[in-house]
Amino acid sequence: MACKKGCSKWSLVTGACVALGFAVIMVLCFTLQKRTQPGCVQAAACRSDADMMDYLLSVGQLSQRDGLLVTWYHAANSQKEMQAALSSDIMVLEADVTVEGLNTANETGVPIMAHPPAIYSDNTLQQWLETVLASSQKGIKLDFKSIKAVGPALDLLRRLTEEGRVRRPVWINADILRGPNMPISTEVNATQFLNLVQEKYPETTLSPGWTTLYLPQLPNGTYSRAMVEKMQELVGPVPQRVTFPVRAVMVRAAWPHFSWLLGQSERYSLTLWQSASDPLLVDDLLYVRDNTAAHQIYYDIFEPLLSQFKQLAANTSRKQSYYTGGSLVPLLQLPREEGVSVEWLVPEIQGNGSTATVHLPDREGMILLNVGLQEPAAGDPVAVVRAPDGRALTLESCLRQLAMRPGSWGVHLHMAVPTALRPSLATLANLSALGHLLRPVWVGATISHGSFVAPGYVTGRELLAAVAEVFPHVTVAPGWPEEVLGSGYREQLVTDMLELCQGLWQPVSFQLQAGPLGQSTAGVVARLLAASPGPLSQWNTALAGATMHLCGQRSWQPGLWTRPESTTGYPRVTVQTCWPMWAETDHPGVLGSRPPGQGFPRGRREGINASVFLSARHVCPLAGWSGSGREVAIEGA
């Protein structure tokens with residue numbers, strides 16, 4: 001009996017030791033696994049609502065924040081496809097979620113992995129998530145085809161996240177608006193979808209899209225301005241990062257709208273996707289690439305087109321094409337630089353009449369064109385470019401010659417006389433239609449409006465109306481008459497300019513003179529910047545973007561232009577310094593009241609594209625100064 005008791009005790013001890021040893025081995029294996037396998041080490045990047053590129057950088061799968069480098073696996077739904085995806089070196093898994101037995105008597109409400117018309121699967125969402133989370137570091141994109149699947153799926157994600165198992169970005173996708181060429185409504189209810197995300201799982205990246213149809217044999221429409229503005233109206237107020245899935249074959253024709261959309265918030269990106277039958281052109285992809293920052297666009301494109309695109313995109317010597325209404329940053333930003341450096345170039349004109357030629361220094365930058373009007377004895381008036389020495393060349397001839405010029409440059413047309421405005425815009429529209437205008441274009445004028453009415457200038461309403469009616473794809477660059485600036489930029493002058501530009505679809509570049517700015521109240525620049533659109537719904541149709549050119553003073557307050565918190569978008573604030581002459585005064589305070597080290601004052605507006613230019617003389621170079629300068633980049637928030 002005693003032996004039995006002793007043996008029993010020894011058995012218990014032995015069993016306990018074995019169990020303890022097994023536990024120690026498991027802990028050691030787990031620890032070694034964590035040490036030998038790269039993991040997400042930056043807390044901010046290891047969240048379900050983290051930026052996808054930041055996460056992939058953290059786990060060592062990306063070398064830089066470039067959406068072209070991110071790779072995708074489609075329809076990783078069944079057990080077999082899921083395992084194949086997990087065994088690949090693909091970075092992000094894309095899978096479809098619906099409800100088991102959807103719209104049948106066998107509907108269970110259980111979210112499963114299947115793409116319509118399939119309503120059954122050997123893989124539930126729970127099985128899929130548990131496997132992917134336990135055995136990989138791949139990003140996750142879940143595509144919802146039915147609103148019925150959204151709530152249960154988000155509940156599951158919430159539970160897994162609270163358990164600490166979701167340490168990677170999760171994208172939630174659904175087509176919530178009817179898009180191009182769709183004859184019937186098949187989209188997921190937008191209001192329900194967005195409300196469910198906010199209620200159940202706000203720690204995510206939203207991927208709201210449009211239903212689309214593309215038939216290569218038939219005429220096809222593209223995304224309209226109304227479609228894009230409706231999407232902004234829906235998602236503008238939400239706090240999440242947003243990546244809009246856009247059918248790549250349609251994107252170039254609608255680029256003015258998507259350029260506008262990207263400018264509404266630094267939270268936004270595009271994910272270009274391709275259907276297997278879409279006749280997508282590599283030139284269209286290159287056009288998007290040329291007009292955006294590398295982190296703003298993801299490319300979900302099939303081979304072999306993707307490899308061809310990557311090869312061409314890496315060729316820095318290829319000719320690039322730019323949207324006339326776009327930012328200067330893709331054009332002039334140097335590799336691995338976060339700011340821009342701009343030299344302003346004033347052309348010389350040699351010869352006369354039809355043989356006249358335009359000449360510029362062999363440098364890159366913005367070309368300033370002072371535009372007047374020539375009225376021949378017979379025929380319509382013609383827009384002409386006037387050089388500082390008085391020689392003239394037709395605007396059309398000047399731009400055609402410039403189109404042959406290599407390198408990176410844009411043009412700023414300053415209307416020297418009001419009557420030159422519409423003929424100049426007509427010339428721009430014609431050359432753009434012919435493919436001879438593939439650079440950023442600014443159209444500016446000193447204007448007369450409200451509290452700054454003055455004779456001899458184009459009215460503010462006429463400037464905006466002419467742009468909208470004749471050629472809307474430009475940056476609008478209005479300035480105040482010098483005659484009204486004796487007391488600086490008074491509150492009413494700023495208020496009237498902002499009211500004039502409110503609701504304007506185009507980017508705006510406010511033209512400021514530094515001399516009068518020095519006599520202005522504090523925060524003039526900050527107030528102009530704050531007028532750009534933001535997350536509040538009442539600002540959804542406000543200015544598309546605001547920049548400012550500040551002309552004429554010696555120095556500025558460094559503390560007001562420090563590096564801000566975020567560098568995810570294009571720089572909002574740049575400083576243009578025009579050499580070689582300086583005025584004599586400092587005017588700290590007029591730029592804003594933020595203490596040194598806290599960045600530029602900005603409120604809560606988003607999508608700002610802001611720059612300030614300091615000129616060598618009291619009068620802006622656009623009003624006739626013939627020097628050049630360099631731009632110093634200050635990070636945007």
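If you're matching positions, the sequence shown starts at 1 in full-length UniProt numbering and goes up one per residue.
Built from N, CA and C at the ideal position, the CB exists for glycine as well.
Here the structure is a predicted model, which is why all the values come from computation and not from measurement.
Beta strand (DSSP E) segment containing residue i, residue limits
{"i": "Trp-409", "result": "409–415"}
{"i": "His-359", "result": "357–359"}
{"i": "Ala-477", "result": "475–479"}
{"i": "Asp-283", "result": "It is not in any beta strand (DSSP E) - Asp-283 instead sits in the alpha helix (DSSP H) that spans 282–290."}
{"i": "Arg-178", "result": "170–178"}
{"i": "Val-99", "result": "92–99"}
{"i": "Ser-269", "result": "268–273"}
{"i": "Phe-144", "result": "139–144"}
{"i": "Met-366", "result": "365–374"}
{"i": "Gly-209", "result": "205–211"}
{"i": "Thr-131", "result": "Here Thr-131 belongs to no beta strand (DSSP E); instead the alpha helix (DSSP H) covers 125–135."}
{"i": "Trp-442", "result": "441–448"}
{"i": "Ala-392", "result": "392–394"}
{"i": "Pro-111", "result": "111–113"}
{"i": "Ile-301", "result": "Element bounds for Ile-301: n/a, residue is neither H nor E."}
Range covered by the alpha helix (DSSP H) that runs through residue i
{"i": "Gly-515", "result": "514–517"}
{"i": "Ala-313", "result": "305–313"}
{"i": "Gly-151", "result": "147–162"}
{"i": "Arg-225", "result": "225–235"}
{"i": "Glu-499", "result": "491–501"}
{"i": "Gln-350", "result": "Gln-350 -> not in any alpha helix (DSSP H); beta strand (DSSP E) instead, spanning 348–350."}
{"i": "residue 715", "result": "This structure does not reach residue 715, given that the chain is present from 1 up to 637, and the question cannot be answered."}
{"i": "Tyr-55", "result": "52–58"}
{"i": "Ala-248", "result": "Looking at the DSSP string, Ala-248 is not in any alpha helix (DSSP H), and its letter there is neither H nor E."}
{"i": "Met-82", "result": "79–87"}
{"i": "Arg-527", "result": "524–529"}
{"i": "Val-329", "result": "329–332"}
{"i": "Arg-386", "result": "First-last for Arg-386: 382–386, but that is the beta strand (DSSP E), not the alpha helix (DSSP H)."}
Beta-carbon proximity list for residue i, same chain, < 6 Å, skipping 5 on both sides
{"i": "Ala-420", "result": "Val-371, Gly-372, Leu-373 and Ala-383"}
{"i": "Asp-283", "result": "none"}
{"i": "Leu-270", "result": "Phe-244, Val-246 and Ile-297"}
{"i": "Trp-171", "result": "Lys-141, Thr-205 and Ser-207"}
{"i": "Ala-174", "result": "Phe-144, Val-188 and Phe-193"}
{"i": "Gln-401", "result": "Val-358"}
{"i": "Leu-498", "result": "Ala-531"}
{"i": "Ile-147", "result": "Val-188, Asn-189 and Gln-192"}
{"i": "Ala-254", "result": "Thr-222 and Tyr-223"}
{"i": "Pro-347", "result": "Val-358 and Leu-360"}
Spatial neighbours of residue i in its chain, beta-carbon cut-off 8 Å, leaving aside the 5 residues before and after
{"i": "Leu-156", "result": "Pro-111, Leu-125, Gln-126 and Leu-129"}
{"i": "Leu-437", "result": "Thr-324, Leu-399, Ala-403, Leu-428 and Leu-431"}
{"i": "His-295", "result": "Met-53, Arg-65, Asp-66, Gly-67, Ser-269 and Thr-568"}
Exposure label - residue i; buried when at least 16 CB within 10 Å
{"i": "Tyr-120", "result": "exposed"}
{"i": "Pro-478", "result": "buried"}
{"i": "Ala-433", "result": "exposed"}
{"i": "Gly-486", "result": "exposed"}
{"i": "Gln-333", "result": "buried"}
{"i": "Val-41", "result": "exposed"}
{"i": "Thr-186", "result": "exposed"}
{"i": "Ala-104", "result": "A quick correction: the sequence has Thr, not Ala, at residue 104. Result: exposed."}
{"i": "Ala-248", "result": "buried"}
{"i": "Gln-64", "result": "exposed"}
{"i": "Ser-495", "result": "It is Thr, not Ser, that sits at residue 495 in the sequence shown. Exposed, because fewer than 16 other Cβ atoms sit within 10 Å of the Cβ of Thr-495."}
{"i": "Ser-408", "result": "buried"}
{"i": "Pro-216", "result": "exposed"}
{"i": "Ile-367", "result": "buried"}
{"i": "Glu-307", "result": "Correcting the residue identity first, residue 307 is Ser in this sequence and not Glu. When all chains shown are included, Ser-307 counts as exposed."}
{"i": "Phe-302", "result": "exposed"}
{"i": "Pro-376", "result": "exposed"}
Own chain partners of residue i with C-beta closer than 7 Å, once the 5 adjacent residues on each side are dropped
{"i": "Val-251", "result": "Phe-258, Leu-272, Asp-284 and Val-288"}
{"i": "Lys-80", "result": "none"}
Supposed contact pair residue j and residue i - C-beta distance, whole angstroms, cut 8 Å
{"i": "Ser-321", "j": "Asp-290", "result": "6 Å"}
{"i": "Gly-410", "j": "Val-453", "result": "The pair is not a contact, with the Cβ atoms about 31 Å apart (cut-off 8 Å)."}
{"i": "residue 639", "j": "Ser-78", "result": "In this structure the chain extends from 1 to 637, so residue 639 is not present and cannot be described."}
- Message: Could you check whether the stretch 395–411 touches the stretch 365–377, counting it as contact only if at least three pairs of C-beta atoms, one from each stretch, sit closer than 8 Å?
- Response: yes
- Evaluate contact between the stretch 196–208 and the stretch 44–54, counting only Cβ atoms and requiring at least three cross-stretch pairs below 8 Å. yes
- Flag this pair as touching only if the stretch 310–317 and the stretch 83–97 have three or more C-beta atom pairs under 8 Å; answer yes or no. no
- State whether the stretch 453–471 contacts the stretch 349–367, with contact taken as three or more CB pairs (one from each stretch) at a distance under 8 Å. no
- Counting Cβ pairs closer than 8 Å, one from the stretch 451–458 and one from the stretch 427–435, do we hit at least three? no
- Message: Can you confirm whether the stretch 89–102 touches the stretch 62–74 when touching is taken to mean that 3 or more C-beta pairs between the two stretches lie within less than 8 Å?
- Response: yes
- Is there contact here, the stretch 441–455 with the stretch 397–414, by at least three beta-carbon pairs under 8 Å? yes
- Task: Determine, using beta-carbon pairs with one atom in the stretch 272–281 and one in the stretch 217–235, whether at least three such pairs fall under 8 Å.
- Result: no
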